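For the sequence shown, position 370 matches number 370 in full-length UniProt numbering, and the numbering has no gaps at all.
Heads up, the thing below is written out as structure tokens.
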Amino acid sequence: MTSSMMAQHLPRVARLLARPRCHRLLMSPVSTSASSEKSATTLTATEQVPTAPLNSHPELDLSFSDYKEAFRSKSMSELMRAVFVFNMCSISMLVDKNKQVMHLSRKLLGKRLFEKLMKMTFYGQFVGGENQAAIKPLIERNRAFGVKAILDYSAEQDLSEEEAKEKVVEESEVVFAENVTTRDGKLAAAAVPKFQPHLEFANRSSNVISAKTYYYESERQCDNHMDIFLKCIDSVSDSTRKEGMAAIKLTALGRPQLLLQISNILVQAQRFFDFMHNPSEVPSLAGKVDKEFFRQRLKNLGVDFAYDDDVQWLSILQKKEEGSADLLAWENLVEARQDLAKIFKVKSLVTGNVEQIVPVLSEEGQEELRQMLHRTDTIVKHAIDREVRVMIDAEQSYFQPAIRRITMELMRKYNKQRNVVFNTYQCYLKSALDMARTDLNLAEKEDFYFGAKLVRGAYMNQERERASSLKYEDPINPTYEATNQMYHNVLDEVFQSISRREKGKIAVMVATHNEDTVRFTVKKMKEYDVYPSDKLICFGQLLGMCDHMSFPLGQKGYSVYKYVPYGAVSEVLPYLGRRACENRGLLDKVRKEKQLLTRELRRRLTSRGE
């Protein structure tokens with residue numbers, strides 16, 4: 001369909017949706033024309049919130065085919081909207097050209113009519129509202145049917161390829177003591193390509209269909225993001241009766257290059273520890289790097305590596321008169337007093353040159369790193385004060401060593417009395433099980449609370465393209481089935497850890513739209529005597545998707561959360577575009593939900609006529 005053809009049809013669609021009857025149906029959150037449409041909020045939420053009996057496993061239809069039960073919380077208008085939106089998501093042209101379609105719609109309809117159209121359709125389906133006040137009725141109504149909320153402010157930038165490249169160059173010029181963006185394959189022998197800045201992949205939103213992207217603008221903007229997260233925590237505390245959670249991304253709180261820098265340091269520390277103790281295990285360094293030169297450098301800096309074999313945990317120790325301090329422990333990391341990159345100056349046995357294999361930060365870069373970590377610390381402390389849990393989202397694999405370490409250090413610091421900080425594990429990664437096992441074992445050994453969200457992952461195509469181009473191992477499991485198996489293996493590890501520890505020390509969200517994984521989890525809960533009332537295992541899905549699973553689970557007393565994005569229409573358009581792409585990519589799952597929605601619509605219409 002050409003732009004001119006779209007232009008011909010859009011006004012007609014807008015006029016149709018703006019007709020009084022259609023407008024009333026789609027804009028009304030809950031119809032009151034029949035008793036079956038009665039709003040859940042006509043009774044108090046506390047009277048209706050489903051609770052599972054203690055120490056029991058409620059009977060649950062694990063085929064997830066009971067459409068009457070699944071959609072009893074929905075009004076007729078909501079059912080109609082869902083069917084309409086899912087039908088639109090199956091039209092490839094609309095999905096592939098969603099940016100152009102939305103841009104043209106705004107141009108033809110004007111801002112006011114365009115926003116009304118979006119609220120009647122895609123925005124109304126996938127977004128909770130414009131602000132904290134606007135989303136409260138939705139949160140209360142879902143809660144009345146056993147479904148809680150994770151709040152996420154979903155405004156984001158939508159940059160062109162050139163704009164993204166300019167930002168990477170600008171970041172490197174400010175953050176690093178010397179330019180590191182133009183590599184052209186001429187890396188130092190000991191450097192790791194995965195953790196270097198590359199202009200070819202500056203646009204981190206490219207080929208990503210289910211996760212938002214933050215780009216750095218300024219320190220003031222990062223402060224604004226922090227303030228938004230703090231207000232989000234306040235909203236969770238006020239509107240979800242302290243049951244909800246808030247989601248944050250670390251790339252919103254500072255330059256992404258700084259996370260890349262921390263990842264690089266952590267990976268190099270592990271490589272060089274292995275190299276010092278068993279060179280044959282690190283062929284990329286053996287015979288290429290002067291081991292004695294590096295050993296002497298560590299001695300001169302008063303630094304050493306320590307490795308806990310029991311839990312496979314590496315520390316970087318600073319030797320002091322009163323003992324040693326772990327420079328990666330949160331209280332030391334957050335101050336960032338020492339640029340750990342300076343450790344990694346090595347002598348090449350090939351060229352005889354001394355090379356800095358991890359770029360050194362500029363003074364400004366060092367200060368910005370401190371500010372990024374301080375913002376993160378401020379958010380977690382505020383969450384503790386407001387009795388809210390914080391989920392730190394996973395991002396691209398080259399950021400993950402940093403994000404994971406920061407999150408685990410936050411857990412070690414703040415998860416001593418209860419679960420406050422949750423890490424995210426991407427089960428499409430080949431390393432997912434090893435990472436989860438290490439972190440579970442560390443939490444058990446040091447006796448702190450462990451919180452996690454398990455996801456499949458949002459960056460598969462981008463990750464594979466980058467690995468292929470930069471010639472490092474693809475971090476992604478080879479098949480969808482392998483990712484499913486990895487997800488289940490991680491869940492197995494979680495349940496084994498739950499069985500060993502005091503009840504309540506582990507809390508895990510199974511964030512999935514996959515029915516088989518939900519069935520697997522329910523089966524494991526029975527096998528390990530983990531009851532819904534224990535609140536150790538919860539389920540998570542996106543708002544507007546998989547309601548045929550979320551609500552039956554919640555109505556039976558299982559702990560269920562909806563990921564509730566909010567923000568102004570103009571600010572969440574990239575998010576809405578991704579939801580359209582994701583639904584098109586999950587045709588089989590959407591087909592089933594659409595069939596169930598249609599059957600429930602037919603049932604209600606038939607019962608009205610009787």
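Beta carbons are placed, not taken as given, at the ideal position from N, Cα and C, and that holds for glycine.
Model, not experiment: these values are computed from the prediction.
Under the rule that 16 or more other beta-carbon atoms within 10 Å means buried, what is residue i, buried or exposed?
| i | result |
| --- | --- |
| Asp96 | exposed |
| Ala134 | exposed |
| Leu54 | exposed |
| Val354 | exposed |
| Asp385 | exposed |
| Lys471 | exposed |
| Gly302 | exposed |
| Lys194 | buried |
| Thr479 | exposed |
| Ala306 | exposed |
| His513 | buried |
| Thr51 | exposed |
| Thr251 | buried |
| Glu163 | exposed |
| Ser469 | exposed |
| residue 618 | The displayed coordinates of the chain run from 1 to 610. Any statement about residue 618 would go beyond what the structure contains. |
| Gly544 | buried |
Kindly list the residues whose CB is nearer than 6 Å to the CB of residue i, restricted to its own chain and excluding five residues on each side of it in sequence; keep chain order.
| i | result |
| --- | --- |
| Lys592 | none |
| Ile242 | Correcting the residue type first, residue 242 is Lys in the shown sequence and not Ile. Excluding positions up to five away in sequence, the list reads Glu387. |
| Ala436 | Tyr425, Val490 and Glu493 |
| Gly457 | Gln426 and Tyr428 |
| Trp313 | Leu442 |
| Ile262 | Ala402 |
| Leu327 | Ile316 and Gln318 |
| Arg375 | Met226 and Leu253 |
| Leu542 | Tyr563 |
If you follow the alpha helix (DSSP H) that residue i is part of, which residue opens it and which one closes it?
| i | result |
| --- | --- |
| Gly110 | Asn98 to Met120 |
| Ala402 | Gln400 to Tyr414 |
| Ile135 | Gln132 to Ala144 |
| Gln385 | Reading off the sequence, residue 385 comes out as Asp, not Gln. Start and end: Glu363 to Asp385. |
| Asn423 | Asn423 -> not in any alpha helix (DSSP H); beta strand (DSSP E) instead, spanning Val421 to Gln426. |
| Leu470 | Met460 to Leu470 |
| Gln485 | Tyr480 to Arg500 |
| Lys148 | Per DSSP, Lys148 belongs to no alpha helix (DSSP H); it is in the beta strand (DSSP E), Val147 to Tyr153. |
| residue 614 | In the structure as shown, the chain begins at 1 and stops at 610. Residue 614 is therefore absent and cannot be evaluated. |
| residue 616 | Since the first residue of the chain shown is 1 and the last is 610, residue 616 is not available in this structure. |
| Asn87 | Met76 to Cys89 |
Ordered along the chain, which non-local residues of its own chain (more than five positions away) have a Cβ less than 8 Å from that of residue i?
| i | result |
| --- | --- |
| Ala325 | Leu317, Gln318 and Asn332 |
| Asp339 | Val360, Leu361 and Gln366 |
| Ser499 | Tyr528 |
| Leu276 | According to the sequence shown, residue 276 is Met rather than Leu. Counting only Cβ-Cβ distances below 8 Å, and skipping sequence neighbours, we find Lys291, Phe294, Arg295 and Phe305. |
| residue 611 | The requested residue 611 is not part of the displayed model; the chain covers only 1 to 610. |
Terminal residues of the continuous beta strand (DSSP E) containing residue i?
| i | result |
| --- | --- |
| Arg389 | Arg389 to Ile392 |
| Glu395 | Here Glu395 belongs to no beta strand (DSSP E), and DSSP marks it neither H nor E. |
| Phe450 | Phe450 to Val455 |
| Glu355 | Val354 to Gln356 |
| Ala507 | Ile506 to Ala511 |
Starting from the C-beta of residue i, find all residues in its chain whose C-beta is less than 7 Å away, skip the five residues before and the five after it, and write them out in chain order.
| i | result |
| --- | --- |
| Phe114 | Ser105 and Arg106 |
| Leu349 | Gly287, Lys288, Val289 and Asp290 |
| Tyr216 | Lys167, Glu171, Arg255 and Pro256 |
| Glu47 | The predicted model places Glu47 with a pLDDT of 46, which falls under 50 and marks its position as unreliable, so this point remains unresolved. |
| Arg501 | Glu444 |
Closer than 7 Å to a non-hydrogen atom of the ligand NAP - does that hold for the CB of residue i?
| i | result |
| --- | --- |
| Pro565 | Of the ligands one can find in the structure shown there are none, so the ligand NAP has no counterpart to examine. |
Verify the CB distance criterion: does residue i have a CB-CB separation below 8 Å to chain B?
| i | result |
| --- | --- |
| Val282 | In summary, chain B is missing from the structure at hand, where a single protein chain is found. |
Legend entry - Cβ contact check for the region 418-435 and the region 380-390: 3 or more pairs under 8 Å: yes
Inset, instruction - Identify every run of the beta strand (DSSP E) within the region 191-253, keeping only runs that are complete inside it and at least 3 residues long; order them along the chain. - result: Correct list: 245-248.
Inset, instruction - Can you check the region 265-351 for any alpha helix (DSSP H) of at least 4 residues that lies completely inside it and give the ranges in chain order? - result: 291-301 and 330-333
Inset, instruction - Count the C-beta pairs between the region 278-287 and the region 193-203 that are closer than 8 Å, then say yes if the count reaches three, no if not. - result: At 8 Å Cβ cutoff, the stretches do not touch.
Inset, instruction - For the region 294-307 and the region 243-258, state whether three or more C-beta atom pairs, one from each stretch, are separated by less than 8 Å. - result: no
Inset, instruction - Could you name each continuous alpha helix (DSSP H) segment of 4 residues or more that falls completely within the region 517-602, going from the start of the chain to the end? - result: 547-555 and 573-585
Legend entry - Stretch-stretch touch, CB-based, cutoff 8 Å, three pairs: the region 533-550 with the region 57-75: yes
Inset, instruction - Examine the Cβ distances between the region 117-126 and the region 212-230 and report whether three or more of them are shorter than 8 Å. - result: no
Inset, instruction - Inspect the CB distances between the region 447-465 and the region 503-510 and report whether three or more fall short of 8 Å. - result: yes
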